[in-house]
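Okay, structure first, notes after.
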Amino acid sequence: MINIAILGFGVVGSGTAEVLTQNAALISERVGDDINIKYILDLRDFPDSPFADKIVHDINVILEDPEVRICAELMGGSHPAFEFSASAMKAGKSVVTSNKEVVANFGPELLKIAEENGVRYLFEASVGGGIPVIHPIGNCLTANDITEVNGILNGTTNYILTQMINEGKDFATALAEAQEKGYAERDPSADVDGIDTCRKIAILSAIAFGSLVPPDQIRTEGIRNVTLRDVELAKKFGASIKLIGKAVRTGNKVSACVGPMLVRSTCPLANISDVYNGILVNGNAIGDVMFYGRGAGKLPTASAVVSDIIEIAAYLDHPNAVNVWGRVDAADILPADKLPSRWYLRFDKKPNHCLCMLDAEVLEDSEDCYAVITGEVNLLEIGITLSESFTAMRIL
Numbered sequence: 000m001i002n003i004a005i006l007g008f009g010v011v012g013s014g015t016a017e018v019l020t021q022n023a024a025l026i027s028e029r030v031g032d033d034i035n036i037k038y039i040l041d042l043r044d045f046p047d048s049p050f051a052d053k054i055v056h057d058i059n060v061i062l063e064d065p066e067v068r069i070c071a072e073l074m075g076g077s078h079p080a081f082e083f084s085a086s087a088m089k090a091g092k093s094v095v096t097s098n099k100e101v102v103a104n105f106g107p108e109l110l111k112i113a114e115e116n117g118v119r120y121l122f123e124a125s126v127g128g129g130i131p132v133i134h135p136i137g138n139c140l141t142a143n144d145i146t147e148v149n150g151i152l153n154g155t156t157n158y159i160l161t162q163m164i165n166e167g168k169d170f171a172t173a174l175a176e177a178q179e180k181g182y183a184e185r186d187p188s189a190d191v192d193g194i195d196t197c198r199k200i201a202i203l204s205a206i207a208f209g210s211l212v213p214p215d216q217i218r219t220e221g222i223r224n225v226t227l228r229d230v231e232l233a234k235k236f237g238a239s240i241k242l243i244g245k246a247v248r249t250g251n252k253v254s255a256c257v258g259p260m261l262v263r264s265t266c267p268l269a270n271i272s273d274v275y276n277g278i279l280v281n282g283n284a285i286g287d288v289m290f291y292g293r294g295a296g297k298l299p300t301a302s303a304v305v306s307d308i309i310e311i312a313a314y315l316d317h318p319n320a321v322n323v324w325g326r327v328d329a330a331d332i333l334p335a336d337k338l339p340s341r342w343y344l345r346f347d348k349k350p351n352h353c354l355c356m357l358d359a360e361v362l363e364d365s366e367d368c369y370a371v372i373t374g375e376v377n378l379l380e381i382g383i384t385l386s387e388s389f390t391a392m393r394i395l
């Protein structure tokens, strides 16, 4: 029997316990041993839960029990999740997590601790919920020179934008509906301001390129300022607006950014709607590879957590399996403002400056709106050319 502990009994924690229990026989067959939830750490009591007798409130109960071999850190937030994960690995316990905030900010440090203590640190559930993407990029695609990753990485914002595109609802109305359906938190800032997507593209770029771009160095913009006028103009161009996390490697430089972008209908990401996620990876041998599915939710995320538990449990006597992110170096960062792209630019009125330098094609010219599609330029060139305020979105 392999004993594990679940740290945090919220949505994902309870889902993980549910999957481990419902699929116990199948999991035992694949691991070659039974998985037993010995402890569940939480500040709260759950008297009506079938796992009530496993609840503990002190992390030291888990850390000091040599029978616990694996901890699932499902708490959220950076602290004390980082400290608990580090302490567990120093105590000889492998750790799996769905915590993108911890992985994005402390991933290399935690992987180093795992290596030093002969245990493993896995985080498949930190990006894409139940979509297998970390392992495929970090292992199955290692024969490729990966140069670009683009992803719809947040289900909340994709649902909101889908409502704006398909139903003509404005941002505020679509957000309220997402909150009513449980797709958005009461405070939706992490989602609609692009913070969640920023953390996820930081993780994906590190896995894909072996180069770490810290989240605080990723230019990040959310969707609060996307208007129905933008949505209609995007349709006119043959595109749809999506919140995209983008990471590109050019030579030895890496650039990453997050923002609403016009995704042309020829791009596979254009047709991903509602709460679904999609990640498009380009490798020099395989070409484009697409990962698609539900990017959040209790059971989809728990599925990824349990898959990591199974991987560790099945090879418990071989803890020195390769930690792909252990080879990550600090990236030589190319600021996203210098990354060339075609752009959608919208002004409240026709600008005073000529847009010839931007090789711009007029999309709309009316009394209250002037919109263009530029050639391949970077945002710095646009800013130097124009003095007026404007809305800018990359074209994918």
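Start counting the sequence shown at 0; every next residue gets the next number (numbering that gives the first Met the number 0).
Every residue gets a Cβ at the ideal spot worked out from N, C-alpha and C, and that includes glycine.
Asked, Found
"If you measure between the beta carbons of Ile58 and Phe45, is that distance less than 9 Å?", "no"
"What's the gap between the Cα of Asp364 and the Cα of Leu19?", "59 Å"
"So which of Ala51, Val60 and Ala71 has the shortest CA-CA distance to Glu310?", "Ala71"
"Check whether the stretch 118-128 and the stretch 250-261 are in contact - that is, three or more C-beta pairs closer than 8 Å.", "no"
"Grab me the residues of Leu174's own chain with a C-beta within less than 8 Å of its C-beta, minus the 5 sequence neighbours each way, in chain order.", "Ile159, Ala183, Pro187 and Val191"
"Go ahead and pull the three-state DSSP assignment for Ile159.", "helix"
"Runs of 4 residues minimum, wholly inside the stretch 9-69: which ones carry the alpha helix (DSSP H) assignment?", "10-21, 23-30 and 58-62"
"At the level of alpha carbons, what is the spacing between Ile133 and Lys348?", "45 Å"
"According to DSSP, is Glu72 helix, strand or coil?", "strand"
"What's the C-alpha gap between Asn397 and Leu268?", "Within the shown structure, residues of the chain are numbered from 0 to 395, placing residue 397 beyond reach of any answer."
"Nearest to Tyr314 by CA position, among Ala201, Arg119, Lys252 and Ala330, is which residue?", "Arg119"
"Whole angstroms is fine: what's the gap from Lys180's alpha carbon to Phe105's?", "33 Å"
"Buried or exposed: where does Arg248 fall if 16 or more other Cβ atoms within 10 Å of its Cβ makes it buried?", "buried"
"Compute the beta-carbon to beta-carbon distance between Lys199 and Gly137, rounded to the nearest angstrom, for a pair I have assumed lies under 8 Å.", "At roughly 14 Å, the Cβ-Cβ gap does not stay under 8 Å, so Lys199 and Gly137 are not in contact."
"List the DSSP bridge partners of Phe170.", "DSSP lists no partner for Phe170."
"Using the three-state DSSP reduction, which class does Ile1 fall into: helix, strand or coil?", "strand"
"With H, G and I counted as helix, E and B as strand and the rest as coil, what does DSSP make of Leu152?", "coil"
"Is the distance from the Cβ of Leu42 to the Cβ of His56 below 9 Å?", "yes"
"DSSP three-state label for Asp273, please.", "coil"
"Which term fits Asn98, buried or exposed, when burial requires 16 or more other beta carbons within 10 angstroms of its beta carbon?", "buried"
"Using beta-carbon positions only, say whether Tyr38 and Val67 come within less than 9 Å of one another.", "yes"
"Check whether the stretch 278-294 touches the stretch 140-153, counting contact only when three or more Cβ pairs, one atom from each stretch, lie closer than 8 Å.", "yes"
"Rank Arg185, Leu333, Ala103 and Met163 by C-alpha distance to the C-alpha of Gly75 and give the top, closest one.", "Ala103"
"Could you tell me the distance, in whole angstroms, from the CA atom of Ala370 to the CA atom of Ile381?", "14 Å"
"Mark Leu25 as exposed unless 16 or more other C-beta atoms lie within 10 angstroms of its C-beta, in which case mark it buried.", "exposed"
"For Lys348, which three-state DSSP category applies?", "coil"
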